[in-house]
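J.: Below is the structure I would like to discuss, written out as structure tokens.
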Amino acid sequence: MNMPSNQYDVTKPRVRQQRAGWVPILGVALFLLILAAVIIPGQIVSPLARHEANAVEGLHLLGDLELRYAAVHPSQGFTCEFAALKVQVPSDERHIHAGFLSSDSFEGYRFLLSGCEVGANGVVVRYRATAVPLLPGETGVRAFCVDQTRELRYAVDGKAENCRPL
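In the numbering used here, the protein residues as written are 62 to 227.
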């Protein structure tokens, strides 16, 4: 039973065409899977990272405002009142978010000014600003602290009392 050679030759290109049709589809599917593997974990981590970055930025801002306050009020020194710092914000400050100084919580973190220590001359010479996650593990992982030295510290357990230098 011999098949005519021209019939055999005719089907061979069809098989190649059918196989070649799957290659672009598999390539696109592989590309989408790789893209999903890269994007999905980033979407899970990015809110935590964004909240922590905002907390650090907030503490840097509080440190700047404390320095401005102490410079304008040399007989008082630093302050432990957010309302007093709010006055020190320049009108052209772009990275100030609405409500940052009017509430003790912002972007998943609770901010606190404490530890105001009065020196012998009656001037506040020390303060401590902390940022603690509102919901540890969800809105942030680490706590952050800064004081009059402006050295940023952190605590891996999310508790401000355990802050240590970076």
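The beta carbon of each residue, even a glycine, is placed where N, CA and C say it ideally should be.
Given the structure is predicted, the values throughout are model-derived calculations rather than measurements.
Does DSSP classify Phe172 as helix, strand or coil?
T.: Indexing the sequence shown from 1 puts residue 172 at position 111. Strand at Phe172.
J.: Once you ignore the five residues that flank Arg225 on each side, which residues in its own chain have a CB closer than 6 Å to its CB?
T.: As a working note, residue 225 is residue 164 in the sequence shown. Only Arg214 meet the Cβ criterion.
J.: Can you list, in chain order, the residues of its chain whose CB lies under 6 Å from that of Arg171, leaving out five sequence neighbours each side?
T.: Locating residue 171 in the sequence shown gives position 110, counting from the first residue. The residues are Asp165, Val193, Leu195.
J.: Measure the C-alpha to C-alpha separation of Thr200 and Phe167 and round it to an integer number of angstroms.
T.: Walking along the sequence shown from the start, residue 200 turns up at place 139. Walking along the sequence shown from the start, residue 167 turns up at place 106. Rounded to whole angstroms, Thr200 to Phe167 spans 10 Å at the Cα level.
J.: The beta strand (DSSP E) that contains Phe205, what's its start and end?
T.: Taking the first residue of the sequence shown as position 1, residue 205 is located at position 144. It spans 204 to 208 - the beta strand (DSSP E) in which Phe205 sits, taken as one unbroken run.
J.: Does the beta-carbon of Asp218 have 16 or more other beta-carbons within 10 angstroms, so that it is buried, or is it exposed?
T.: For the purposes of this step, residue 218 is taken as residue 157 along the sequence shown, with counting starting at 1. Exposed.
J.: Going by CA-CA distance only, name the one from Val184, Ala98, Pro85, Ile86 that's closest to His134.
T.: Within the sequence shown, the letter at position 73 stands for residue 134. The candidate whose alpha carbon is nearest that of His134 is Val184.
J.: Whole angstroms is fine: what's the gap from Asn115's alpha carbon to Pro108's?
T.: Here residue 115 refers to the residue found at position 54 of the sequence shown. Here residue 108 refers to the residue found at position 47 of the sequence shown. For Asn115 and Pro108, the distance between alpha carbons rounds to 10 Å.
J.: Which residue or residues does DSSP assign as beta-bridge partners of Val193?
T.: Here residue 193 corresponds to residue number 132 of the sequence shown, with the count starting at 1. DSSP lists Arg171 as partners of Val193.
J.: Look up Val85 in the DSSP assignment and give the residues it is bridged to.
T.: For the purposes of this step, residue 85 is taken as the residue at position 24 of the sequence shown. According to the sequence displayed, residue 85 carries Pro and not Val. For Pro85, which the question treats as bridged, DSSP gives no partner whatsoever.
J.: To the nearest angstrom, how far is the alpha carbon of Cys177 from that of Asp208?
T.: Residue mapping note: residue 177 aligns to position 116 of the sequence shown, counting from 1. Residue mapping note: residue 208 aligns to position 147 of the sequence shown, counting from 1. Rounded to the nearest angstrom, the two C-alpha atoms are 10 Å apart.
J.: What is the DSSP secondary structure of Ala114, reduced to helix, strand or coil?
T.: Here residue 114 corresponds to residue number 53 of the sequence shown, with the count starting at 1. Looking at Ala114 - three-state DSSP - the assignment turns out to be helix.
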